[in-house]
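*Asks:*
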Amino acid sequence: MPMFFVLLFILNLASIIVTLKILVGYNPEFSFRRKMSIALIVVFAWFSPTIAGMIRWLKLLPEKAGAYVSQGLYTLFIAAMFLLVILLIRDLFWIHGYKIAKKLGKASPDYDPMKPEAIKKANVMAVAAAVLLSVYSLYEGMKFPAIKEITIKTEKVAAPFKIVALTDTHISPATSVAAVEKLVHTVNNLKPDATVLVGDIGDSKPAFLEPQMRALSKLEAKYGVFVTLGNHEFYHGAMDWEMKFRKMGLFYLANNGLMLNGTNVYVFGLPDPQLLMITEPAMERIKSNMKTAPEGAYRVFLSHSPRFIRRLNRDLTDLQISGHTHGGQIFPFHFFVKRFNDFVAGLYDVDGMKLYVSRGAGGWGPPMRLFAPSEIAVITLMPKNAAD
Numbered sequence: 058m059p060m061f062f063v064l065l066f067i068l069n070l071a072s073i074i075v076t077l078k079i080l081v082g083y084n085p086e087f088s089f090r091r092k093m094s095i096a097l098i099v100v101f102a103w104f105s106p107t108i109a110g111m112i113r114w115l116k117l118l119p120e121k122a123g124a125y126v127s128q129g130l131y132t133l134f135i136a137a138m139f140l141l142v143i144l145l146i147r148d149l150f151w152i153h154g155y156k157i158a159k160k161l162g163k164a165s166p167d168y169d170p171m172k173p174e175a176i177k178k179a180n181v182m183a184v185a186a187a188v189l190l191s192v193y194s195l196y197e198g199m200k201f202p203a204i205k206e207i208t209i210k211t212e213k214v215a216a217p218f219k220i221v222a223l224t225d226t227h228i229s230p231a232t233s234v235a236a237v238e239k240l241v242h243t244v245n246n247l248k249p250d251a252t253v254l255v256g257d258i259g260d261s262k263p264a265f266l267e268p269q270m271r272a273l274s275k276l277e278a279k280y281g282v283f284v285t286l287g288n289h290e291f292y293h294g295a296m297d298w299e300m301k302f303r304k305m306g307l308f309y310l311a312n313n314g315l316m317l318n319g320t321n322v323y324v325f326g327l328p329d330p331q332l333l334m335i336t337e338p339a340m341e342r343i344k345s346n347m348k349t350a351p352e353g354a355y356r357v358f359l360s361h362s363p364r365f366i367r368r369l370n371r372d373l374t375d376l377q378i379s380g381h382t383h384g385g386q387i388f389p390f391h392f393f394v395k396r397f398n399d400f401v402a403g404l405y406d407v408d409g410m411k412l413y414v415s416r417g418a419g420g421w422g423p424p425m426r427l428f429a430p431s432e433i434a435v436i437t438l439m440p441k442n443a444a445d
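Following this note's numbering, the numbering of the sequence shown begins with 58 at its first residue and continues without gaps.
#1: Quick check on Ile436: does DSSP put it in helix, strand or coil?
#2: Does the Cβ-Cβ distance between Leu223 and Leu254 come in under 8 Å?
#3: Helix, strand or coil: how does DSSP classify Tyr309 here?
#4: DSSP on Phe325, reduced to helix/strand/coil?
#5: Determine the DSSP secondary structure at Thr285, reduced to helix, strand or coil.
#6: Between the Cα of Gly422 and the Cα atoms of Thr349, Arg147, Ile135, which residue gives the shortest distance?
#7: Within 8 Å, do at least three Cβ pairs link the stretch 134 to 149 to the stretch 71 to 79?
#8: In the DSSP assignment, what residue or residues form a beta bridge with Arg367?
#9: Can Ser274 and Pro230 be called in contact, C-beta distance under 8 Å?
#10: What are the uninterrupted segments assigned as alpha helix (DSSP H) that are 4 or more residues long and contained completely in the stretch 96 to 174, given in chain order?
#11: Anyone know if the C-beta pair for Phe218 and Val322 falls short of 8 Å?
#12: I'd like to confirm the pairing. Which residues does DSSP put opposite Asp406 in its beta bridges?
#13: Is Asn180 buried or exposed, if buried means 16 or more other CB atoms sit within 10 Å of its CB?
#14: Pull up the distance between the alpha-carbon of Arg91 and that of Leu307, whole angstroms please.
#15: For Gln377, does the three-state DSSP call read helix, strand or coil?
#16: Please state the DSSP three-state secondary structure of Leu266.
#17: If you draw a straight line from the alpha carbon of Thr252 to that of Leu359, how long is it in whole angstroms?
#18: Using a Cβ-Cβ cut-off of 7 Å (strictly less than) and excluding sequence neighbours within five positions of Gly46, which residues of its own chain qualify?
#19: For Met340, collect the residues of the same chain with a Cβ closer than 8 Å to its Cβ; drop the 5 residues on either side in sequence, then sort them by chain order.
#20: Look at Asp297 and Pro263 and say whether their C-beta atoms are less than 8 Å apart.
#21: Over the uninterrupted beta strand (DSSP E) stretch that includes Glu206, give me the two end residues.
#22: In whole angstroms, what separates the C-alpha of Leu115 from that of Met347?
#23: Leu332 and Phe459 - do their beta-carbons sit closer together than 8 Å?
#24: Determine the contact status of Ser362 and His383, defining contact as a CB-CB distance below 8 Å.
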């Protein structure tokens, strides 16, 4: 872990140096004071997540104020990242394009990428583009999640069975009660047979989220509302969240499952396996518990981390529902999410099992999304012989 923070510091420092070199390094008419002002803004932006973490860790602000400030600081960080990416892509095409144009004898001195005046104008445009992209990402991130319909055919059910999956709501003190009420109203109107909350539902201690959790407890489903923990519940007290979910009347699943009477569907859940750091003996106990599902039942497994499916086989589950990835949340983080989680979003076939990874109904860090819209997943199990 210390090495991770060292590498992160080096990466931030390199990003700051490159950004400043492009923004002010080729503008000799900029005064020292102006250069220092720009440098301070860039440094602050790149280290804003560190500042946000220190504010929360040292409890320098009340919980609600801290949540709002953190969102603002993370937004500033993403804006700085957008700016750097735009600058690098721009210069890549600009420099090589100008070289090609020069060889063809069609280059204009006004567009020389080494000309201070041209660089100045291009930098203003790059900053404007970064601001616009940030505003658009904020719009996408704060939009109400879309309904995502998924149909899975199986010979194990005789009638359609509707599961509504909510993951990664990341309800914090900055989340309004009205927003939670709207989410609950939308889910209940879908008339689910079962609603499953697959981790990272809360993003603070339960004591700071009483009004929001009171609203969330109004979730209803024909056969019940099921919940298991994600990594963020662990960060804020797994035992506290377990007790809170039980008090809310939810079916809390922790290495156990339930057969839904009158159906052929069995629901099993496990607190975030990634945080449990499961040993082989523990894995054997989990597999043993999963095998208690009645023979022939359609087995639904709730695991916040999608990667856990690699440790399962088709004798243990038919469908795993996961979250955690946020679908990448903000491009180009999709590539890193895929690298560390194996899966990003959507429906996968994994060794004869189905895996659905939700993009989540909320987000972590900045209230932003880019090419990864939030969602409420509606998974309908359909009889194999049902007409399309």
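Quick reminder that beta carbons are idealized off the backbone N, C-alpha and C, glycines included.
*Replies:* So, from the data block:
#1: To locate residue 436, count along the sequence shown from 1; it is residue 379. Three-state DSSP puts Ile436 in a strand.
#2: Here the question's residue 223 lines up with position 166 in the sequence shown. Here the question's residue 254 lines up with position 197 in the sequence shown. Yes, they are a contact pair.
#3: Position 252 of the sequence shown, counted from the first residue, corresponds to residue 309. DSSP places Tyr309 in strand when its eight states are reduced to three.
#4: Within the sequence shown, residue 325 is the residue found at index 268, counting from 1. Phe325: strand per DSSP, three-state reduction.
#5: In the sequence shown, counting from the first residue as 1, residue 285 sits at position 228. Strand at Thr285.
#6: On the sequence shown, residue 422 is found 365 positions in, with the first residue counted as 1. The option with the nearest alpha carbon to Gly422 is Ile135.
#7: yes
#8: Numbered from its first residue, the sequence shown carries residue 367 at position 310. Answer is none; Arg367 lacks a bridge partner.
#9: On the sequence shown, residue 274 is found 217 positions in, with the first residue counted as 1. On the sequence shown, residue 230 is found 173 positions in, with the first residue counted as 1. Going by C-beta atoms, Ser274 is not nearer than 8 Å to Pro230.
#10: 105 to 114, 120 to 160
#11: Here the question's residue 218 lines up with position 161 in the sequence shown. Here the question's residue 322 lines up with position 265 in the sequence shown. The answer is yes: Cβ separation under 8 Å.
#12: On the sequence shown, residue 406 is found 349 positions in, with the first residue counted as 1. Bridge partners of Asp406: Lys411.
#13: If you number the sequence shown from 1, residue 180 lands on position 123. Counting Cβ neighbours within 10 Å, Asn180 comes out buried, since at least 16 surround it.
#14: As a first step, residue 91 is located in the sequence shown; it is residue number 34 there, counting from the start. As a first step, residue 307 is located in the sequence shown; it is residue number 250 there, counting from the start. C-alpha separation (whole angstroms): 57 Å.
#15: Taking the first residue of the sequence shown as position 1, residue 377 is located at position 320. Strand.
#16: As a working mapping, residue 266 is identified with position 209 in the sequence shown. Of the three classes helix, strand and coil, the one that applies to Leu266 here is helix, per DSSP.
#17: Sequence index remark: in the sequence shown, residue 252 carries index 195 (1-based). Sequence index remark: in the sequence shown, residue 359 carries index 302 (1-based). Cα to Cα, the separation comes out at about 11 Å.
#18: Any property of residue 46 remains undetermined from this structure, which presents the chain solely from 58 to 445.
#19: As a position in the sequence shown, residue 340 is number 283, starting the count at 1. Closer than 8 Å at Cβ, skipping near neighbours: Arg368.
#20: Taking the first residue of the sequence shown as 1, we reach residue 297 at position 240. Taking the first residue of the sequence shown as 1, we reach residue 263 at position 206. Cβ atoms of Asp297 and Pro263: closer than 8 Å.
#21: As a working note, residue 206 is residue 149 in the sequence shown. 203 to 211 is the extent of the beta strand (DSSP E) around Glu206.
#22: Within the sequence shown, the letter at position 58 stands for residue 115. Within the sequence shown, the letter at position 290 stands for residue 347. Straight-line Cα distance between these residues: approximately 42 Å.
#23: Nothing about residue 459 can be reported from this structure: the residues present for the chain run from 58 to 445 only.
#24: Along the sequence shown, one-based indexing puts residue 362 at 305. Along the sequence shown, one-based indexing puts residue 383 at 326. No, these two residues do not count as a Cβ contact at 8 Å.
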